[in-house]
Structures are given as structure tokens and as C-alpha cells.
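If you read the sequence shown in the working numbering, its first letter stands for residue 14, the second for the next number, and so on.
Here a beta-carbon is modelled for each residue, glycine too, at the ideal position from N, C-alpha and C.
Since we're looking at a predicted model, the values are computed, not measured.
The structure under discussion appears below in the form of C-alpha cells.
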Amino acid sequence: MNKTVAVIGAGLIGRAWAMVFARGGWRVRLHDRDDAQLSAARAFIETSLAEQAGYGLVADCAGAVARIDSTRVLAEALSGVSWVQENLPEVVDVKREAFAALDRLAPPDAVLASSTSAIPASQFTEALAGRARCLVAHPVNPPHLVPVVELCGAPWTSPVVIEDAKRVYTEVGQVPIVVRREIDGFILNRLQGALLSEAMRLVAEGYVSPDDLDKTVRDGLGLRWSFMGPLATIELNAPGGVEDYCARYGGFYRRLAATPPAPAVWDAEGASRVAAARGPPAPSNVVDARMRWRDRRLMALLRHKLDQSDSK
Numbered sequence: 014m015n016k017t018v019a020v021i022g023a024g025l026i027g028r029a030w031a032m033v034f035a036r037g038g039w040r041v042r043l044h045d046r047d048d049a050q051l052s053a054a055r056a057f058i059e060t061s062l063a064e065q066a067g068y069g070l071v072a073d074c075a076g077a078v079a080r081i082d083s084t085r086v087l088a089e090a091l092s093g094v095s096w097v098q099e100n101l102p103e104v105v106d107v108k109r110e111a112f113a114a115l116d117r118l119a120p121p122d123a124v125l126a127s128s129t130s131a132i133p134a135s136q137f138t139e140a141l142a143g144r145a146r147c148l149v150a151h152p153v154n155p156p157h158l159v160p161v162v163e164l165c166g167a168p169w170t171s172p173v174v175i176e177d178a179k180r181v182y183t184e185v186g187q188v189p190i191v192v193r194r195e196i197d198g199f200i201l202n203r204l205q206g207a208l209l210s211e212a213m214r215l216v217a218e219g220y221v222s223p224d225d226l227d228k229t230v231r232d233g234l235g236l237r238w239s240f241m242g243p244l245a246t247i248e249l250n251a252p253g254g255v256e257d258y259c260a261r262y263g264g265f266y267r268r269l270a271a272t273p274p275a276p277a278v279w280d281a282e283g284a285s286r287v288a289a290a291r292g293p294p295a296p297s298n299v300v301d302a303r304m305r306w307r308d309r310r311l312m313a314l315l316r317h318k319l320d321q322s323d324s325k
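Written out as C-alpha cells, the structure reads:
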């Protein structure tokens, strides 16, 4: 396979994908219509790759930077590529228009992947001549530091494309998982949504402070979940494994499921209660500094996980 990828959209997700593919030895054509966005992306990429190199996450920082080119011309970005990673706004009409152009301009054997976090591929690829080569490859923000990527095809996506996607994303250091059929929100966002809904309810109804809620996940569930999934976790919490765990604790979880958080926790009133409990939003410079801190902590965690043996 020709290892050249067109990354469409140079926002936070697009620039992260550019780093992922460049680190993995691919040539990258980063496309955006906005010169300022491309310039900002370039500066971000150079700084981030240097930081990643400091944690031993990039073997050749200068080489990775050199493999990334930028262009405002879509046809130029797509010329001769074997892979396309689209990162445009989460609007069906935008996706539909973009994929029509990608299908028309990209080489016929290039795979067309969307980073959409919630829109199934069937909603914007059905009318395309090359719809069999289209899929969702949903990353987690920031993709260059959180490696899981959800692969979900439409009913007409070729199984070969899914297998190629698993191979390609694995080769560039990501952790692909396959969503076997389309479902709203895919897998990660449905899991995140279940936790967030309960978190919003517990804070909005005064059971716990926002800070203590975050500590519960950060210093409790999150520690185990950083190296074990929830099903692997409960298997170790009862001598007889998953079935034993369900027999022991199923009564509580059935009661919990019978009274799920009301949808109102996501309405303006519920959001206002949580926001008031958390305090005023931080100014943009504080948010930017916090994001940089988050990225450094993720780099350290990735380095730690790479240093550990997977043997059990």
C-alpha cells in the first residue's frame, strides 16, 4: 500500500491524526481551506511532537515533521493517496457534501474514513459510487495520545475495508476496535454517556460535589480502567467470574437500571445546577494550560504503559 494519507480538516482532531500517521512513517497531506488554521496546526504539531519525543513516544521527531505537508487545495491533498481521514464539523450535510467530493477526487482504491463521533456512515455515504470503501474511524480526543479508534462500516462497507482499517490503524500505533453494526454514538460514547448521565444526576441532585465525583473516577474506577476494561474488572471481583458477579450484585444493578437518570439532567436546568456547583468557567488561557497539562499526563501514562509487560 502506498503510505500517503490525506487528512481533511486541520482542527484539533485533524492535526492529531497528522501526527499519528507521520509518527507511523506515512506521508501526510494536511488540508484545510483556512491558511491560519494550517499555520496554527503546523505550530501545534511541531511543539507536540517535540514533547512526545521527550517522553520517548516518537523515535524521529524531525522526520515525522518533515513527512507532513499542508495544502489548501483539496485535489492536491487527495492526489495519489491510499487513505483519507476526514475531520470536518459534525453536521450530516457537511459530511455528505465532503464525501461526495472525496469519492469523486480521491483515487478509486483509496479508503475514505470519517472521524465523526456520532453520525453513522450510512447517513452520508449511501449515494456514493464508491460507498463500499467508506467507514467511520472514530478516535478519542486527543487521538495522538489516546489510541483507541472505533471502526464502523455502513451496511454496504466492504469487509475487506474493515480488515484493511484494522491493519493500518494498528501499524500507526492506534488500537482499533470493530463496531459490528451501526448504533447511535458507537461504543465509547454510549459508555461515556451512561457514566456522564449518572454523574450529572448525582451532582445536580446534591448527592456529591463535582470535585468528589471527579475524584471517584480519577482515583477509583479510572485507575483500574486505565489497564483493564469493565468486564475484565468484574471478572476478578467474584471467585466464579462474570456469572458469579452477576448473581452476587445483579439485584442492585437491576434496581439501578429500573430508575435511570431522567433525560432532564441534560436540559438547561440540570446543566445549570452542575455548572453552578462547579463554579464559573475558567478563562481560555487557563483552559489551554489545562489541556497542555492533560496532554503531558497522557504522555507519561502512555510511556508507563509501554514500559510495562502485558504478561499476566
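>> Taking only three categories from DSSP, how would you classify tryptophan 96?
In response: Within the sequence shown, the letter at position 83 stands for residue 96. Note: tryptophan 96 maps to strand in three-state DSSP.
> Quick one: what's glycine 242 bridged to in DSSP?
Replying inline: Against the sequence shown, residue 242 aligns to sequence position 229. DSSP output for glycine 242 lists no bridge partner at all.
>> Below 8 Å on the Cβ atoms is my contact criterion, and I expect glutamate 163 with phenylalanine 199 to pass it. Report the Cβ-Cβ distance as a whole number of Å.
In response: Locating residue 163 in the sequence shown gives position 150, where the first residue counts as 1. Locating residue 199 in the sequence shown gives position 186, where the first residue counts as 1. The pair is a contact, with the Cβ atoms about 5 Å apart (cut-off 8 Å).
> With contact counted as at least three CB pairs below 8 Å, one residue from each stretch, are the region 39-56 and the region 135-147 in contact?
Replying inline: no
> By a C-beta neighbour count over all protein chains shown, 10 Å radius and 16 as the cutoff for buried, is glycine 67 buried or exposed?
Replying inline: Residue mapping note: residue 67 aligns to position 54 of the sequence shown, counting from 1. Glycine 67 should be labelled exposed.
> From this set, Gly38, Trp30, Ala29, which residue's C-alpha is nearest methionine 14's C-alpha?
Replying inline: As a first step, residue 14 is located in the sequence shown; it is residue number 1 there, counting from the start. When each option's Cα is compared against that of methionine 14, the closest is Gly38.
> Looking at the unbroken alpha helix (DSSP H) that takes in glutamate 282, where does it start and where does it end?
Replying inline: The residue you call residue 282 lines up with position 269 of the sequence shown. Taken as a continuous stretch (DSSP letters only), the alpha helix (DSSP H) holding glutamate 282 covers 281-291.
>> My output table needs one value for aspartate 301: the three-state DSSP class, helix, strand or coil.
In response: The count along the sequence shown starts at 1 and reaches residue 301 at position 288. For aspartate 301, the three-state secondary structure derived from DSSP is helix.
>> Can you give me the C-alpha to C-alpha distance between glycine 219 and proline 273, rounded to a whole angstrom?
In response: Counting from 1 along the sequence shown, the entry for residue 219 is found at position 206. Counting from 1 along the sequence shown, the entry for residue 273 is found at position 260. If I take the Cα positions, the gap works out to 17 Å.
> Start and end of the beta strand (DSSP E) containing threonine 84?
Replying inline: Walking along the sequence shown from the start, residue 84 turns up at place 71. Note, threonine 84: beta strand (DSSP E), 81-84.
> When you compare each of Phe112, Thr60, Val173 to arginine 305 by their alpha carbons, which one comes out closest?
Replying inline: What you label residue 305 is simply residue 292 of the sequence shown in a count that begins at 1. Measuring from the Cα of arginine 305, the nearest candidate turns out to be Thr60.
> Is the beta carbon of isoleucine 21 sitting closer than 8 Å to the one on alanine 90?
Replying inline: In the sequence shown, the residue the question calls residue 21 occupies position 8. In the sequence shown, the residue the question calls residue 90 occupies position 77. Judged by their CB atoms, isoleucine 21 and alanine 90 are nearer to each other than the 8 Å cut-off.
>> Is the separation between the beta-carbon of glutamate 195 and that of cysteine 165 shorter than 8 Å?
In response: Numbered from 1 along the sequence shown, position 182 holds the residue referred to as residue 195. Numbered from 1 along the sequence shown, position 152 holds the residue referred to as residue 165. Taking 8 Å as the Cβ cut-off, glutamate 195 and cysteine 165 qualify as a contacting pair.
> So, is the C-beta of tyrosine 262 closer than 8 Å to a C-beta in chain B?
Replying inline: No chain B appears in this structure, which consists of one protein chain only.
> Can you name, in chain order, every residue of its own chain whose Cβ lies under 8 Å from the Cβ of aspartate 308, other than the five neighbours on each side?
Replying inline: Locating residue 308 in the sequence shown gives position 295, where the first residue counts as 1. Ser61, Glu64, Pro155, Leu158.
> Just reading off the beta strand (DSSP E) that threonine 17 is part of, what are its end residues?
Replying inline: Within the sequence shown, residue 17 is the residue found at index 4, counting from 1. It spans 17-21 - the beta strand (DSSP E) in which threonine 17 sits, taken as one unbroken run.
>> Can you look up histidine 157 in the DSSP assignment and give me helix, strand or coil?
In response: Counting from 1 along the sequence shown, the entry for residue 157 is found at position 144. For histidine 157, the three-state secondary structure derived from DSSP is coil.
> Buried or exposed: serine 83, going by 16 or more other Cβ atoms within 10 Å of its Cβ?
Replying inline: Counting from one through the sequence shown, the residue named residue 83 turns up at place 70. Classification for serine 83: buried.
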